[in-house]
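So the structure is just underneath, and the comments pick up after that.
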Amino acid sequence: MGPVVGAALHIDAQGSLDGQVPRRNRIELGIGVGIATLVVGLLLVTRPDIRPLIERTRSYIGS
0 MGPVVGAALH IDAQGSLDGQ VPRRNRIELG IGVGIATLVV GLLLVTRPDI
50 RPLIERTRSY IGS
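Taking numbering that gives the first Met the number 0, the leading residue of the sequence shown gets 0, the next gets one more, and so forth.
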């Protein structure tokens with residue numbers, strides 16, 4: 000999981016090899032993380048029964 004997150008962040012941070020990440024990319028990354036945090040927070044607050052969703056995705060996740 001760590002390498003996948005690292006690869007995604009590296010792709011999002013274009014110009015990072017030059018030592019400076021453009022401000023626009025940092026803002027977009029912050030907005031994305033903020034939205035993801037809000038979604039997870041809403042799920043934790045409402046506590047839906049996600050068992051049916053897990054069962055539907057079981058064939059994609061593995062055995």
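Glycine included, every Cβ here is placed at the ideal spot set by N, Cα and C.
Check                                                           : Outcome
Distance between R50 and L8 (C-alpha atoms, nearest Å)          : 30 Å
Unbroken alpha helix (DSSP H) run spanning P51, endpoints       : 50-60
Endpoints, the alpha helix (DSSP H) within which V44 is located : 22-45
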